[in-house]
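Undergrad: Next up is a structure, given as structure tokens.
Residue numbers (UniProt numbering): 1 to 370.
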């Protein structure tokens with residue numbers, strides 16, 4: 001159902017504004033159950049807006065003060081979005097997935113093994129822990145990987161068999177189209193690539209589902225070939241920040257993996273997975289200037305790597321919980337130019353086989369590619 005008549009530019013701007021400022025809900029219980037903490041889009045809720053499903057912050061400090069308010073859904077399930085009292089669009093909320101109602105033979109709810117992102121993406125964190133997380137001198141200051149574990153919303157280690165069982169159900173019951181496998185970093189050698197391989201083998205044996213794996217650059221490029229060989233279709237290696245000062249301040253442990261190593265790893269990964277099948281997450285609003293983000297993005301695009309630029313969202317329970325989200329004006333200095341660069345290079349999110357950039361729900365970037 002098309003719920004808005006905005007132009008592409010107007011829609012992109014509205015999505016960017018909502019993702020920067022957040023959304024207040026008159027009925028917080030509608031739609032797919034939101035999640036506090038965790039490794040994915042946390043403190044968010046999925047909404048359908050003008051034919052797109054996007055993730056909007058609803059439980060952050062900025063969201064509580066947002067000028068955007070969503071009304072209670074009407075009898076058709078449609079809510080008005082008002083800005084300062086003026087209706088600017090209409091949305092609906094994706095239904096709770098059917099696979100959330102199931103559990104394993106051991107009694108573990110499927111939703112603790114993998115969750116629905118957007119409307120048709122299955123996502124899981126293989127290891128809900130990280131060698132850096134327990135020490136604030138090394139942990140990524142924005143990371144909430146331990147928060148959902150502490151709250152009992154997930155389990156520490158998802159087995160390959162559990163993932164295969166849940167993935168099969170999500171495809172059959174909820175028409176999931178692709179899967180994201182990320183992981184906390186378990187070591188300083190393969191950095192999670194071995195876990196990804198083990199899990200992908202099991203899922204691919206159970207169901208034909210495109211998979212994106214996500215990890216830090218492993219110590220040996222042979223892991224890219226191994227991941228590809230077991231059925232991982234695309235790869236995410238996430239920079240998060242792009243300048244030395246911000247990297248060392250925001251993610252002191254992860255910054256020990258030099259930008260040069262990332263760039264070399266991107267080249268090696270593209271040679272295996274193909275142009276446009278390797279991506280990186282960049283969080284705008286942590287201190288990098290728009291110029292720095294666009295400069296690094298230009299380098300990445302030239303390598304065939306998709307730079308998925310997302311507005312930083314301060315997550316409850318992290319050291320950056322009260323850090324301001326980027327303003328709409330800040331994102332407006334990045335997304336239109338970056339979208340034009342991607343279009344010019346014919347490096348488009350829709351062409352990725354699986355992953356965050358293909359989903360696109362956490363950023364308005366895809367709306368600027370057209």
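Glycine is no exception: its CB is placed at the ideal position from the N, C-alpha and C atoms.
Thinking C-alpha only, which one of 316, 306, 182, 335 is nearest residue 358?
TA: Along the chain shown, read from residue 1 onward, the residue named residue 358 stands at position 358. The option with the nearest alpha carbon to residue 358 is 306.
Undergrad: Check this for me: beta carbons of residue 351 and residue 274, under 8 angstroms apart or not?
TA: As a working note, residue 351 is residue 351 in the chain shown. As a working note, residue 274 is residue 274 in the chain shown. In this structure, residue 274 does not lie closer than 8 angstroms to residue 351 by Cβ.
Undergrad: Would you decide whether residue 23 is buried or exposed? Buried here means 16 or more other CB atoms lie within 10 Å of its CB.
TA: In the chain shown, counting from the first residue as 1, residue 23 sits at position 23. So residue 23 counts as buried.
Undergrad: Which residues in the same chain have their Cβ closer than 6 angstroms to the Cβ of residue 213, if we skip the five residues on either side of it in sequence?
TA: If you number the chain shown from 1, residue 213 lands on position 213. Excluding positions up to five away in sequence, the list reads 181, 196, 227, 232, 235.
Undergrad: Can you check DSSP and say which residues form a bridge with residue 230?
TA: In the chain shown, counting from the first residue as 1, residue 230 sits at position 230. The partner list for residue 230 (beta bridge, DSSP) is empty, contrary to what the question assumes.
Undergrad: Once DSSP output is grouped into helix, strand and coil, what is the label at residue 177?
TA: Here residue 177 is taken as the residue at index 177 of the chain shown, counted from 1. Coil at residue 177, not helix or strand.
Undergrad: Would you mind working out which of 107, 77, 121, 221 sits nearest residue 362, comparing C-alpha positions?
TA: Here residue 362 is taken as the residue at index 362 of the chain shown, counted from 1. Considering only alpha carbons, the answer is 121.
Undergrad: Classify residue 373 as buried or exposed, calling it buried when 16 or more other Cβ atoms lie within 10 Å of its own Cβ.
TA: It is not possible to answer for residue 373, since the shown part of the chain is limited to 1 through 370.
Undergrad: Alpha carbon to alpha carbon, what distance is there between residue 188 and residue 50?
TA: Within the chain shown, residue 50 is the residue found at index 50, counting from 1. Within the chain shown, residue 188 is the residue found at index 188, counting from 1. For residue 50 and residue 188, the distance between alpha carbons rounds to 43 angstroms.
Undergrad: Anyone know if the C-beta pair for residue 253 and residue 138 falls short of 8 angstroms?
TA: Here residue 253 refers to the residue found at position 253 when the chain shown is read from its first residue. Here residue 138 refers to the residue found at position 138 when the chain shown is read from its first residue. Contact flag set, yes.
Undergrad: For residue 61, list the residues DSSP reports as bridge partners.
TA: For this step, residue 61 is matched to residue 61 along the chain shown. Paired residues: none, contrary to the question.
Undergrad: Which one or two residues does DSSP pair with residue 331 in a beta bridge?
TA: Position 331 of the chain shown, counting from 1, holds the residue named residue 331. DSSP output for residue 331 lists no bridge partner at all.
Undergrad: Taking a contact to mean a Cβ-Cβ separation below 8 angstroms, would you say residue 354 touches residue 211 in this structure?
TA: Your numbering for residue 354 matches position 354 in the chain shown. Your numbering for residue 211 matches position 211 in the chain shown. Yes. Within cutoff.
Undergrad: Do the stretch 118-136 and the stretch 61-73 meet, that is, are 3 or more Cβ pairs less than 8 angstroms apart?
TA: Counting Cβ pairs under 8 angstroms, fewer than three are found: no touch.
Undergrad: Work out the CA separation of residue 360 and residue 99 for me, nearest whole Å.
TA: Numbered from its first residue, the chain shown carries residue 99 at position 99. Numbered from its first residue, the chain shown carries residue 360 at position 360. Those two C-alpha atoms are separated by around 23 angstroms.
Undergrad: State buried or exposed for residue 37, treating a residue as buried only when at least 16 other CB atoms are found within 10 Å of its CB.
TA: Counting from one through the chain shown, the residue named residue 37 turns up at place 37. Per-residue confidence for residue 37 stands at a pLDDT of 47, beneath the threshold of 50, marking its modelled position as unreliable; the derived number appears in the next sentence. Buried, since its Cβ has 16 or more Cβ neighbours within 10 Å.
Undergrad: Counting pairs of beta carbons, one from the stretch 143-150 and one from the stretch 166-179, are three or more of them closer than 8 angstroms?
TA: Flag = no, the stretch 143-150 and the stretch 166-179 do not touch.
Undergrad: Among 91, 84, 60, which has the Cα closest to the Cα of residue 74?
TA: Position 74 of the chain shown, counted from the first residue, corresponds to residue 74. Closest option to residue 74, Cα to Cα, is 91.
Undergrad: Under 8 angstroms between the Cβ atoms of residue 320 and residue 141?
TA: Numbered from its first residue, the chain shown carries residue 320 at position 320. Numbered from its first residue, the chain shown carries residue 141 at position 141. In this structure, residue 141 lies closer than 8 angstroms to residue 320 by Cβ.
Undergrad: Assuming residue 293 contacts residue 310 (C-beta within less than 8 angstroms), just tell me the rounded distance between them.
TA: Residue numbering aside, residue 293 sits at position 293 when the chain shown is read from its first letter. Residue numbering aside, residue 310 sits at position 310 when the chain shown is read from its first letter. Contact doesn't hold; Cβ gap of about 11 angstroms is too wide.
Undergrad: So, residue 300 versus residue 335, is the Cβ gap smaller than 8 angstroms?
TA: As a working note, residue 300 is residue 300 in the chain shown. As a working note, residue 335 is residue 335 in the chain shown. In this structure, residue 335 does not lie closer than 8 angstroms to residue 300 by Cβ.
Undergrad: Tell me, which residues are paired with residue 115 by DSSP?
TA: For the purposes of this step, residue 115 is taken as the residue at position 115 of the chain shown. DSSP, once it has assigned bridges, lists 123 as partnering residue 115.
Undergrad: Cutting at 7 angstroms between CB atoms, please list the residues of its own chain near residue 163, excluding the five before and the five after it.
TA: On the chain shown, residue 163 is found 163 positions in, with the first residue counted as 1. Counting only Cβ-Cβ distances below 7 angstroms, and skipping sequence neighbours, we find 113, 114, 124, 199, 202, 203.
Undergrad: Residue ranges of each beta strand (DSSP E) run of no fewer than 3 residues wholly in the stretch 160-211, ordered along the chain?
TA: Entirely contained in the stretch 160-211, the beta strand (DSSP E) runs reaching 3 residues are, in chain order, 178-182.
Undergrad: How long is the line joining the alpha carbons of residue 97 and residue 151, rounded to whole angstroms?
TA: Taking the chain shown and counting its residues from 1, one reaches residue 97 at position 97. Taking the chain shown and counting its residues from 1, one reaches residue 151 at position 151. Computed Cα separation, rounded: 21 angstroms.
Undergrad: To which residues does DSSP link residue 308 through a beta bridge?
TA: For this step, residue 308 is matched to residue 308 along the chain shown. Its beta-bridge partners are 281.
Undergrad: Tell me whether the beta-carbon of residue 297 lies closer than 8 angstroms to the beta-carbon of residue 251.
TA: The sequence position of residue 297 within the chain shown is 297, counting from 1. The sequence position of residue 251 within the chain shown is 251, counting from 1. Going by C-beta atoms, residue 297 is not nearer than 8 angstroms to residue 251.
Undergrad: So, using beta-carbon positions, are residue 171 and residue 209 closer together than 8 angstroms?
TA: Here residue 171 refers to the residue found at position 171 when the chain shown is read from its first residue. Here residue 209 refers to the residue found at position 209 when the chain shown is read from its first residue. For residue 171 and residue 209, yes; Cβs fall inside 8 angstroms.
Undergrad: Quick check on residue 152: does DSSP put it in helix, strand or coil?
TA: Start at 1 with the first residue of the chain shown, and residue 152 comes out as number 152. Three-state result, residue 152: coil.
Undergrad: Would you tell me roughly how many angstroms separate the C-alpha atoms of residue 262 and residue 369, rounded to the nearest one?
TA: The residue you call residue 262 lines up with position 262 of the chain shown. The residue you call residue 369 lines up with position 369 of the chain shown. C-alpha separation (whole angstroms): 25 angstroms.
Undergrad: Please identify the residue among 19, 44, 244 whose C-alpha is closest to the C-alpha of residue 30.
TA: On the chain shown, residue 30 is found 30 positions in, with the first residue counted as 1. Cα-wise, what sits closest to residue 30 is 44.
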